[in-house]
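Number of protein chains: 2
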Amino acid sequence: MGDDGAGNLLVRKVASVAKLSAEERHALENLPMAVRAIPARQDIVRIGDRPTHCCLVLSGFAFRYKLVGDGRRQILNVHVPGDIPDLQSLHLPVLDHNLAALTPLTAGFIHHDAVHEVSARFPRITGALWRDTLVDAAILRERIVSIGQRDGLTRTAHFLCEIFMRLAAVGLASDRATAMPITQVEIADALGLSPVHMNRMVRELRERRLVTLDGQRLEILDWDALARLGDFDPTFLHLDPGDRARRP
Amino acid sequence: MGDDGAGNLLVRKVASVAKLSAEERHALENLPMAVRAIPARQDIVRIGDRPTHCCLVLSGFAFRYKLVGDGRRQILNVHVPGDIPDLQSLHLPVLDHNLAALTPLTAGFIHHDAVHEVSARFPRITGALWRDTLVDAAILRERIVSIGQRDGLTRTAHFLCEIFMRLAAVGLASDRATAMPITQVEIADALGLSPVHMNRMVRELRERRLVTLDGQRLEILDWDALARLGDFDPTFLHLDPGDRARRP
DNA sequence: CGACCCATTGAATATAGTCAACCCGGGTGG
DNA sequence: CCACCCGGGTTGACTATATTCAATGGGTCG
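Chains as they are written, first to last, in our numbering: chain A, 1 to 248; chain B, 1001 to 1248.
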């Protein structure tokens, strides 16, 4: 039941939207949750599945992806601690994409029934969860814009800004650096670029002294220049003012 | 209050998810709704706005889009009658994209308060509306896959399949044809292709005798071949079995 | 040590973008 | 009534961004 962080991530997420009553907080903290460790690169749920649980990322990164006819992979979104990547399975019974661990992961699995129950008792919790899926959609929209209209370099800069801000919003980034255990191949698959081209874009950003990125750690050397180059406007993240203040 | 179709579109959408009680049906049918006609190409709400109403498309097409730094436009999704394109404004107060009429449009505007109220009284209506935003997100995910991984021809074929099926699902397509008043420039902006290239893709589909498309009407000449070419699997539309049966 | 994954780089190629021109139909105004 | 204009569609020619192919090096882990 992990009160050492597990429930708190949920409480925090919901509390960032609506002030919680003691009752609501109690209900969230006591949601029955099965905590599991998942090795890197392992699928958690697959396209076509009918999940019975929601998956709350406790530590590590997860990602969702789809494969196309000729075997190529598109990564849809990367998920950081505090995210509930498959929340949509509450109302869309069959999964239309895969969810996998990007790094070694600990995740809490909460039965749909339990979520429905809390949600029925506390409308504001429903609202907060719904909102969470809407922010996910907003991120998807911005990704469409990036892939559809921005060139490789802009796209890459934008992505790094986005991930950095999302990590900062959950307290996982320092002023200018954060753990970022994601390979170039994976970023490439997320941005619709080839791995080779991705590598060149990363090199370019490095040579321009905007970031360092080594597969384990992302360091922002010049946030303003990076955001300008990446055409990055954080509105789409719908961060609350408190989180937004944490901008580097 | 338009019982001549207006409320019914809502009733139908919700009823396709959960069997409605007489009470629920009554509440939906009597949602106060301001019906307005909007000329083609006019913005309805803009990025940065804080909408107070939700917009239900009654007839005509709408679309959502974003502009990037250098003026290019990315169309995020096209909306058909029955859609509520800005439902997310219920929980995300500031809009992160624009909504506009693609064709002359009639739309019903329902105050957020009214939606919240019905939603508070009838959890299944909440669920159905939430679900609606989730299907929108599923469409966005598939769009990411298309733009990120599929070449121009595949992408175009996929898009035509998608739109056709969505129109068929709301009864707006015959066996093999449907009204489709969308220009090539708009399809191009939706798929992240240049207008010139879009034109060539349309020509190619026409020359292969898969579709005819003239800016007013889409006719499917060979659904199976088109779906195969477009790598189209309708799972992501999350249509209910009844609608799915209407496959051409 | 060898296998493997990831990063890196050069060279050739391809898909898609840009530029520019032309056509057509419909609406407008002289 | 006809000339003009405008939006949308169409096409050719050229260019560019990004992909593919191929090869190499550096870690890490059995």
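Think of the CB as a built atom: it goes at the ideal place given N, C-alpha and C, for glycine as much as any other residue. None of these values were measured; they are calculated from a predicted model.
Where B:M1180 sits in the DSSP three-state scheme: coil
Selection of the region 1066 to 1080 of chain B by Cβ proximity to chain A, strictly under 7 angstroms: K1066, V1068, G1069, R1072, Q1074, L1076
Selected residue, minimal CA-CA separation from B:M1165, among B:T1235, B:I1047, B:L1058, B:R1064: B:T1235
Residue burial classification, B:P1093 (beta-carbon count within 10 angstroms, cutoff 16): exposed
Residue environment, B:D1132, which counts as buried when at least 16 other CB atoms sit within 10 Å: buried
Minimum Cβ-Cβ distance from A:R46 to chain B less than 8 angstroms: no
Neighbourhood of A:L172 by C-beta distance below 8 angstroms, restricted to the same chain and skipping five residues each side: V80, P81, T178, A179
Alpha-carbon spacing of B:A1107 relative to A:L134, whole angstroms: 22 angstroms
Which residues DSSP lists as bridging B:I1038, in chain order: B:L1105
Whole-angstrom distance between A:P104 and A:A37, CA atom to CA atom: 7 angstroms
Test: B:T1126 CB closer than 8 angstroms to a CB of chain A: yes
Proximity of B:R1073 and B:D1189 at Cβ, strictly below 8 angstroms: yes
Residues that B:R1257 contacts on chain A, provided the C-beta gap is smaller than 8 angstroms: Since the first and last residues shown for chain B are 1001 and 1248, residue 1257 of chain B lies out of range.
Where B:L1076 falls: helix, strand or coil (DSSP): strand
C-beta atoms of B:L1009 and B:C1055 nearer than 8 angstroms: no
Interface partners of B:I1182 on chain A, CB under 9 angstroms: None at all; the shortest Cβ gap to chain A is about 16 angstroms.
When B:D1224, B:S1016, B:V1011, B:L1028 are compared against B:R1121, the one with the closest alpha-carbon: B:L1028
Members of the region 1109 to 1134 of chain B near chain A, C-beta cut-off 7 angstroms: A1120, P1123, T1126, G1127, W1130, R1131, T1133, L1134
Helix, strand or coil at B:A983 [DSSP, three-state]: Because residue 983 of chain B is not part of the residues shown, which for chain B are 1001 to 1248, the question remains open.
Start-to-end residues for the beta strand (DSSP E) that takes in A:H53: 53 to 59
Beta-carbon neighbours of A:V145, restricted to chain B and to distances below 8 angstroms: K1066, V1068, Q1074, L1076
Option in B:V1014, B:V1078, B:L1020 with minimal Cα separation from B:P1181: B:V1078
C-beta atoms of B:F1109 and B:A1040 nearer than 8 angstroms: no
7 angstroms Cβ shell around B:C1161 - same chain, five flanking residues per side excluded: L1226, A1227, G1230, F1232
Buried or exposed by the 16-neighbour rule on C-beta atoms within 10 Å, applied to B:D1083: buried
Contact set between B:A1138 and chain A, taken where Cβ atoms lie within less than 9 angstroms: Q88, L92, D96, H97
Beta-carbon proximity list for B:L1020, same chain, < 6 angstroms, skipping 5 on both sides: none
Close-in-space but distant-in-sequence residues of the same chain around A:R50 (CB under 6 angstroms, 5 per side omitted): P93, V94
Euclidean distance between Cα positions of A:H112 and A:L87: 9 angstroms
Any chain B beta carbon closer than 8 angstroms to A:A238: Here residue 238 of chain A turns out to be His, not Ala, going by the sequence shown. Yes, A:H238 counts as interfacial toward chain B.
Extent of the continuous beta strand (DSSP E) run through A:A62: 62 to 67
Beta carbon of B:L1167 nearer than 8 angstroms to that of B:L1076: no
A:R209 beta carbon less than 8 angstroms from that of A:D222: yes
Coarse secondary structure for A:I144, derived from DSSP in three states: helix
Opposing strand residues paired with B:I1043 [DSSP bridges]: Residue identity check: residue 1043 of chain B is Asp in the sequence provided, not Ile. Its beta-bridge partners are B:A1100.
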